[in-house]
Amino acid sequence: MPTVALPGRASAISDPGEIRLAGWGNYPKLSTELLAPQSPAGARDDLLRWSGVIARGAGRAYGDAAIGTQSTISSRGLNRMRRFDAATAQLTVEAGVTIADILAAFEPRGFFLKVVPGTKFVTVGGAIAADVHGKNHHRDGGFGTIVDSFRLALPGGEIVSCSRSENAALFAATLGGMGLTGMILDATLRLLPIETAWLRQDTRVAGNLDAAIDQLEGSASSTYSVAWIDCLARGAALGRSLVYLAEHATRRDMDGLGSDLAPFPSPRTQRLSVPELFPGWLLNRASMRVFNELYFRRGAAHQGKQRLVHWDPYFFPLDAIADWNRIYGRRGFVQYQCVIPLERARRVLADILDRVSRRGDASFLAVLKQLGDGGGPMSFPLRGYTLTMDFPVSDTLFAFLDQLDALLVDAGGRLYLAKDARQSRATFESGYPGLAALRDIRQQTGATTRLVSHLSARLGI
Amino acid sequence: MTGTKSILVIGGSSDIGHATALRYAKEGWRVTLAARDLAAAQRNADDIRTRSGVDTTVQSLDVLQTGQLAGFVAGLSVLPDTVVCVVGELGDQLRAQADPELATTIMRTNFEAPSLLLEQFALAFEARGSGTIVGVSSVAGDRGRASNYYYGAAKAGFTQFLSGLRNRLALAGKVRVVTVKPGFVRTKMTAHMKLPPPLTVQPERVAEDIYRADVTRPRDVIYVARRFWLVMTIICALPEAIFKRMRI
């Protein structure tokens, strides 16, 4: 007999259920109980009831940060916006509201977010927990700088308000605290008024790593800057890059460029999608080399010309391809994102890129950005340069990344926890001197034994 | 410009009610959410106001207090252009079999109360000469099954009520009645159930189809997802001698 379940079928009722969960990198895949509360009060009750628990937003952390050792509380049911004050541009939303939700509602009304990460599909709770950064971190700081306050559910069930003036230590430790201080229920952010949906973009070609860093350093007057590095270039061309500089375009800028584009065009909804079982072998050296060559020729053609680029492709280029993480196949991938302090950056970055280009299996492109000082004791950024690369998981990968970690530790750098799936405790502890502050707070609130993600268990947080 | 139009959602604390109200608000309709759980309705109203910038209010209403329904409609400060009733409760079939009180509540919540309330709106809309009544029923009302026959029977009753009401109002004039039959929808009500992905929709999809059936492409009866029409046609065509032995 067929076993089609129709609404209300009693036997279809399931336990919340052990499921296998992974981050955006599809590595590692781990068993956990997944809970789906439908309100902030429900989330607080779940937190109180379970141990070995962590909050999970949109699942865009790459590794094991948002998978509880026993249970995982999804914030997706906490998806209501609460209030907006146009005079102060203050917006209060629940933790599961995404940046895409906010932009969809407020961009047409002339507001943006001063800090956005590389994808708009992250939740506000996740953005705070990872203290995400954008292409303007060196000037404007991380996501925490646009957060005025949030409410945090502690493992004992207490709900506390946190801001720079109220529970300030808890506020700071929660920025970049990877959900290990409590579950963020809602937050009040300040939006950024914009005149148009467009950015005025300059493209510069840098023939090698030194030139790319010179370009980034020389662009201190630009709000947004980022370099896309060709990981396959070797020798004298090691680190050859396209450097993109951008400003929010004003109406006057648009007039000056002779543009007849609408200041706020209606959104395009077409998205490409990667098939479920994209074979990993399609990503090989030859195909990547062709892609990079085309990419650079196209970019170089734009050099010296100011162009208007819509915020969506400028800030979120990969969001146009749904499920792009599937291109790495079944075994998944690791995104390696490190930051190197300013004074050691040139030499160490060159060393890393050289090893990566020799190995030859890194992503199409790597991203190089400047960072400023971090917002909380556990925030990833420090004054220096951050390099981001994707590596498909393979038998030899982790030993190779350990070698990169050794260079990093020696230079006083650190790895981004939102991307991490494999670093050692020693690498982690040397990179995060603020760890003691987080551990203290976890002791005080009883979080140490109750709020445990696979990441925190692995790294001994 | 539709800025002066208004919608009232009965069951405004629900996910489908929230999504439907938000869909209309994005077109500039003023929104009122009526619900028994005022705090939950207020949370939805805040969301709609924040996202759309549209004026949104909440009203307390317990539809099971059927003696108060006429007074509720008469007491509305503005009679809405469209009323959408998403009131419903799945209930626990196994418990209902042993507990007549629960069985009664399921039947009253899904059939009796919504029908009596919408009759009041039909009268008021008729008197005004305009309006749309949207009743959210369920595919579960198309054929009774072991797993949910109190819920299914009540929804069947509600579907037939809407059919009859539409017939009466169509003969009389300008008031429209739309029957909406969702299949699987990912909501609070189904959060604990495993649903087959190809047949499962988000509340926003139900909202979009309701808006379309009311405003942009008027229809009498819609299935959401549309492919559920085929599924239910097949299920309804099965001979009872076979159907009664199936576990579906």
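Read top to bottom, the protein sequences are chains E and L. Residue 396 in the numbering used here is what sits at position 258 of the first sequence, and the numbering runs on without skipping anything. Residue 264 in the numbering used here is what sits at position 129 of the second sequence, and the numbering runs on without skipping anything. Ideal Cβ positions, reconstructed from N, Cα and C, are used throughout, including at glycine.
In angstroms, rounded to a whole number, what distance separates the CA positions of residue i and residue j?
| i | j | result |
| --- | --- | --- |
| GLY551(E) | ASN164(E) | 26 Å |
| LEU173(L) | ALA180(L) | 10 Å |
| VAL341(L) | THR351(L) | 15 Å |
| ARG277(E) | THR326(E) | 22 Å |
| LYS443(E) | ASP340(E) | 6 Å |
| GLY163(L) | VAL189(L) | 7 Å |
| GLY264(L) | GLY308(L) | 7 Å |
| ALA262(L) | VAL144(L) | 20 Å |
| ASP609(E) | ILE237(E) | Only positions 139 to 599 of chain E appear in the structure, and residue 609(E) is not among them; the question remains open. |
| TRP462(E) | MET426(E) | 15 Å |
| GLY201(E) | GLY317(E) | 14 Å |
| LEU237(L) | GLY320(E) | 38 Å |
| LEU304(L) | VAL222(L) | 22 Å |
| CYS476(E) | ALA196(E) | 23 Å |
| GLY545(E) | VAL486(E) | The displayed chain sequence assigns Leu, not Gly, to residue 545(E). Using only the alpha carbons, I get a separation of about 7 Å. |
| LEU211(L) | PHE296(L) | 24 Å |
| ASP150(L) | LYS557(E) | 33 Å |
Between the Cα of residue i and those of the options, spot the shortest distance and give me the residue it belongs to.
| i | options | result |
| --- | --- | --- |
| GLY510(E) | HIS592(E), TYR523(E), LEU456(E), LEU576(E) | TYR523(E) |
| PRO451(E) | PRO255(E), ILE490(E), ASP348(E) | PRO255(E) |
| SER187(L) | MET219(E), PRO405(E), LEU172(E), ALA325(E) | MET219(E) |
| PHE288(E) | ALA267(E), LEU370(E), GLY356(E), ALA238(E) | ALA267(E) |
| ARG468(E) | VAL531(E), THR312(E), LEU229(E) | VAL531(E) |
| ARG302(E) | GLY377(E), SER357(E), THR312(E), PRO479(E) | THR312(E) |
| ALA231(L) | TYR285(L), ALA209(L), GLY279(L), LEU204(L) | TYR285(L) |
| ASP398(E) | ILE192(E), LEU446(E), LEU520(E), ARG484(E) | LEU446(E) |
| ALA273(L) | MET324(L), GLY147(L), GLU236(L) | Looking at the sequence shown, residue 273(L) is not Ala but Ser. Ranking the options by Cα distance to SER273(L), first place goes to MET324(L). |
| ALA575(E) | GLY206(E), VAL231(E), ASN274(E), ALA306(E) | ALA306(E) |
| LEU503(E) | TYR433(E), GLY572(E), ALA387(E) | TYR433(E) |
| GLY512(E) | ARG389(E), LEU573(E), HIS275(E), GLY264(E) | HIS275(E) |
| VAL494(E) | ALA483(E), ARG482(E), THR526(E) | THR526(E) |
Pick helix, strand or coil for residue i, following the three-state DSSP scheme.
| i | result |
| --- | --- |
| ASP184(E) | helix |
| TYR474(E) | strand |
| VAL315(L) | strand |
| VAL336(L) | strand |
| PHE518(E) | coil |
| ILE490(E) | helix |
| GLN408(E) | Confidence in GLN408(E) is poor, its pLDDT being 47 and thus under 50, which makes the residue's placement too unreliable to answer from. |
| HIS440(E) | coil |
| ILE370(L) | helix |
| ALA306(E) | helix |
| HIS276(E) | helix |
| LYS507(E) | strand |
| GLN561(E) | coil |
| VAL254(E) | coil |
| THR283(E) | helix |
| MET324(L) | helix |
| GLU236(L) | helix |
| TYR629(E) | Coverage of chain E is limited to positions 139 through 599, which leaves residue 629(E) absent and any answer about it impossible. |
| TRP164(L) | coil |
| THR191(L) | strand |
| THR526(E) | strand |
| GLN295(L) | helix |
Since residue i and residue j are thought to touch, with beta carbons under 8 Å apart, how far apart are those beta carbons, to the nearest angstrom?
| i | j | result |
| --- | --- | --- |
| GLU385(E) | ARG338(E) | 5 Å |
| VAL590(E) | GLY190(E) | 5 Å |
| LEU172(E) | LEU159(E) | 7 Å |
| PHE471(E) | ASP269(E) | The pair is not a contact, with the Cβ atoms about 23 Å apart (cut-off 8 Å). |
| THR314(L) | GLY270(L) | 6 Å |
| ALA365(E) | LEU354(E) | 6 Å |
| LEU535(E) | ILE490(E) | 15 Å between Cβ atoms; not a contact. |
| ARG165(L) | SER141(L) | 4 Å |
| ASP528(E) | SER501(E) | 4 Å |
| ALA199(E) | GLY161(E) | 5 Å |
| ILE478(E) | ALA549(E) | 5 Å |
| VAL260(E) | THR283(E) | With a Cβ gap of about 16 Å, VAL260(E) and THR283(E) do not count as contacting. |
Within 10 angstroms of the Cβ of residue i, are there 16 or more other Cβ atoms? Answer buried if so, exposed if not.
| i | result |
| --- | --- |
| ILE157(E) | exposed |
| THR210(E) | buried |
| GLU304(E) | exposed |
| GLN408(E) | Reliability fails at GLN408(E), whose pLDDT of 47 lies under 50, so the model's placement of it is uncertain and no value is given. |
| PRO353(L) | exposed |
| THR191(L) | buried |
| THR137(L) | Since pLDDT at THR137(L) reaches only 45, below the 50 mark, its modelled position is unreliable, and no value is offered. |
| SER562(E) | exposed |
| LEU229(L) | exposed |
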